[in-house]
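Step one of this worksheet: look at the structure below.
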Amino acid sequence: MRIFQLLSALFKINVQMTLAYRLDTLVNILLNLFWLGWELLGLNIIFSNTKSLGGWGFGELIALLGVFRLVNALMAALIMPNTQQFNTAVRDGTLDYTLLQPVNSMFLVTFSRMVIWRVWDLLLGAILIIVGMQLSGSKENLFGLLSFLLLATTGSIILYSLWIVMIAATFWFIKFDNNVTMLDALLSTGRYPVTIYPIWLRVIVTFVVPVAVATTVPLQALRGDLNGLQVLLYAGISLVAFLVATRMWKAGVRHYSGASS
Amino acid sequence: MIKIYQRLWQVNWAEQWQYRANLLMYSLYGLVSPVVYLAVWTTIANSQGSVSGLTANDFITYYLTLLIVDQLTSDITIHILANKIQDGTLAGDLLRPAHPVLTSTLVYNIAFKALSFIVLIPVWIILVLLFQPNFGMVTPGSLLLSIPTLLFGFAINFLFGATLTSLAFWTTRVYSVSEFFGALVVLFSGQFVPLQLMPPAIQTVAQYLPFQLFKFVPIEIILNKLSPETIARDFVAYLVWFVILFLIFRWTWREGIKRFSAVGA
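Residue numbers (my numbering), protein chains in the order written: chain A, 1082 to 1342; chain B, 7 to 271.
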C-alpha cells in the first residue's frame, strides 16, 4: 500500500518537473510522431518489396512496433534517467541519503525519475498493437490475448531485473558508466521478429540481453505460436530473474561503503 | 599552424586513449542498426531470390561496407561543442588565436574517429567471418577512388554538424533540431536501405541533398556499382556541397559569435 502512495508521490513530483518545461514536452512529442512516421515509412518500403518478413505480415510488424514502443518507453522513461542519476550518486556518495530513507532502496532508486511525456508512447504503442492486429486479420482468442498481456509483463520484469543486476554491479566497480549501454544498444533489435536474425544474434537477444523476450515473444503468443506450457515457462523465468536481481541488489548495498565524509 | 594541429592531436589522442574501454561499448550503438537491416533484407532476398535485382550477398556487402564508411565519415561535433556554447566555456577557446571549430573540435573529431576505427576493426572481422560475404567486386581502383569521397564525405558532414551546432547560439533546443536532421540523414543517406530500393520520389529528393554523399556514394564506389559518368557527377557534387556548406558554416558561426555572451567570469 505504501509503495503505491510513494509511487503516486514520485509521479506527481515528476509531472510538476515536466510542467516547468511545457514547450520541451511538445517538441518531444512532435519529434516522437516524426519518428513514428519514419518507422511506418520504413515498414512500407520493406513491404513494397516483399509480402512477408520471415513469415510475419505487415499488420503483425506494426503490432510488433507497438510492443517495441512499450519496451522503449520503459527504457527511456525509467531505465535511462534513473541509471544516470544512480551512477552519479554512487560516485559522489549522495546515494547515502537514498539508502537512509525508510523505504525499499531498490524501489526508490529505480522509480525516482520518470520521463512523463513517454506516457504518450505507451498510448501510441497500444494503438499500434490494436491497429496492427486488425490489419493482420488474424482471429485472436481469449487465451492468446491473456498470454500476450502476461508475457508483455513478464518480459518487462525480465528486462527490469537485468537492469537491477547491471546497476547493482556498479557497487563493486564504482565507475561503470556503461552499465546499461548493452541493453540500450541492442534494444533496437526488438523492432523486427527475432526469428529473422542469424543464430548468434538470436542467442544474444534471447539469453544474454533478452530484448526478444519482451518484444517478439508476447506477440508470438498473440499470433498463437505458443502453447500454455511455454507461457508458464516464461512467467517462471521472470519470477526467478526478479528474485536473483533483488538478492544481487541487497548484496550490492551491503558491499557499498559510501563515498562521502 | 601545423604545430597547432600536432599539439592538439597529441593532447586529444592521449585524452581519449583513457576511454578506450568505453569506446568499445559505444561502438555497439553504431553496429546494431546495420546488422538489423542486414538481417531484414537478406531474409527477404533469400525468401524470393532477390529484391529488385539485389541478392543476399549484395545486401551483406552493402551493410558491412556501411559499417566502415559510416565510421569514417561520421561527425560528433554537436557533442563536443553544443554544451560549450550553452555553458559559456567557449569563451576560453575564443581567446586563443585559432578558430576553435576548425582546430580543436576538428582534431577531437578525428582522434575519436581514429580510436573508434581501431576498435571497430576486430569486431568487423568477426562479422565478416559470421556472414561470409563475397567481396569479389572490390578492386584496388575502386578503393582508391573511394578515398576522396570518404575525405570529402567527412568534411561535408563535419561542416553540416558544425553549422547545426552553431544554432546553439540562438536556441537551447539544438539537440532536438539535430535529432530531426539525424532522421533525415538515416533516410536519405542510404543508412536504412540501399537508395535504389527507395520509392522514386525519395530517390529524386536524395539526389538534391548532400546526405547520400556521407554513406551511399562511397559505399557504391567501393563496391564498384557506379558508372564512370555517375562517379564524375558525384565528385562534382562533393566539391559543390563542400563549398556551399563551408560558406554557410562561416556565415552562421560569425553571426553566432556576435550574439554570444558568455556566462560566468
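From the three backbone atoms N, C-alpha and C, an ideal C-beta is built for every residue, glycine too. On a predicted model such as this, the values are computed, not experimentally measured, just so you know.
Annotation: the continuous alpha helix (DSSP H) that includes residue 1207 of chain A extends over 1200-1217.
Assigned with DSSP and collapsed to three states, residue 211 of chain B falls in helix.
Contact check between the stretch 1279-1295 of chain A and the stretch 1122-1133 of chain A: fewer than three CB pairs, one atom from each, fall below 8 Å, which does not count as touching. Judged by pairs of C-beta atoms under 8 Å, the stretch 1210-1221 of chain A touches the stretch 1140-1152 of chain A, as three or more such pairs exist.
With 16 or more other CB atoms across the displayed protein chains lying within 10 angstroms of its CB, residue 255 of chain B is buried. Below 8 Å, enough C-beta pairs join the stretch 33-45 of chain B and the stretch 1265-1274 of chain A to call them touching: three or more.
Contact between residue 111 of chain B and residue 86 of chain B holds: their C-beta atoms lie close to 5 Å from each other, under 8 Å. Your pair residue 148 of chain B and residue 228 of chain B checks out as a contact, with CB atoms roughly 6 Å apart and the cut at 8 Å. In the displayed model, residue 1104 of chain A falls within a helix according to three-state DSSP. A distance below 8 Å between beta-carbons, with the five flanking residues on each side excluded, links residue 161 of chain B to the following residues of its chain, in chain order: 248. In this chain, the alpha helix (DSSP H) harbouring residue 1224 of chain A covers 1223-1254.
Contact residues of the stretch 75-102 of chain B toward chain A are absent (C-beta to C-beta distance below 7 Å).
The DSSP-derived three-state label of residue 1137 of chain A is strand. The bridge partners DSSP lists for residue 60 of chain B are B:57. Residues are counted here when their Cβ sits less than 8 Å from a Cβ of chain B; for the stretch 1088-1122 of chain A these are 1105, 1108, 1109, 1112, 1115, 1116, 1119 and 1122, given in chain order. Here DSSP, grouped into helix, strand and coil, assigns residue 227 of chain B to helix. Inter-residue distance for residue 152 of chain B and residue 176 of chain B is about 37 Å (C-alpha atoms, whole angstroms). Within 10 angstroms of the beta-carbon of residue 1222 of chain A lie fewer than 16 other beta-carbons, which makes it exposed.
Chain B has no Cβ within less than 9 Å of the Cβ of residue 1161 of chain A.
Of all residues in the stretch 1280-1308 of chain A, only 1281 and 1282 place a beta-carbon less than 8 Å from a beta-carbon of chain B.
The Cβ of residue 1151 of chain A sits no closer than 9 Å to any Cβ of chain B. Interface with chain B (9 Å Cβ-Cβ cutoff): residue 1239 of chain A is excluded. For residue 170 of chain B, the three-state secondary structure derived from DSSP is helix. Taking a beta-carbon distance threshold of 9 Å, residue 1266 of chain A counts as an interface residue toward chain B.
Only buried fits residue 1235 of chain A, as 16 or more other CB atoms lie within 10 angstroms of its CB. Under the 8 Å Cβ criterion, the stretch 1230-1246 of chain A counts as touching the stretch 1147-1154 of chain A, having at least three qualifying pairs. Nearest CB-CB separation between residue 1172 of chain A and chain B: not below the 9 Å threshold. DSSP places residue 183 of chain B inside the alpha helix (DSSP H), whose first and last residues are 180-194. Against chain B, the CB of residue 1272 of chain A has a partner CB under 9 Å away; the residue lies at that interface. Per the Cβ contact rule, the stretch 1188-1197 of chain A is not in contact with the stretch 1290-1301 of chain A (fewer than 3 Cβ pairs under 8 Å).
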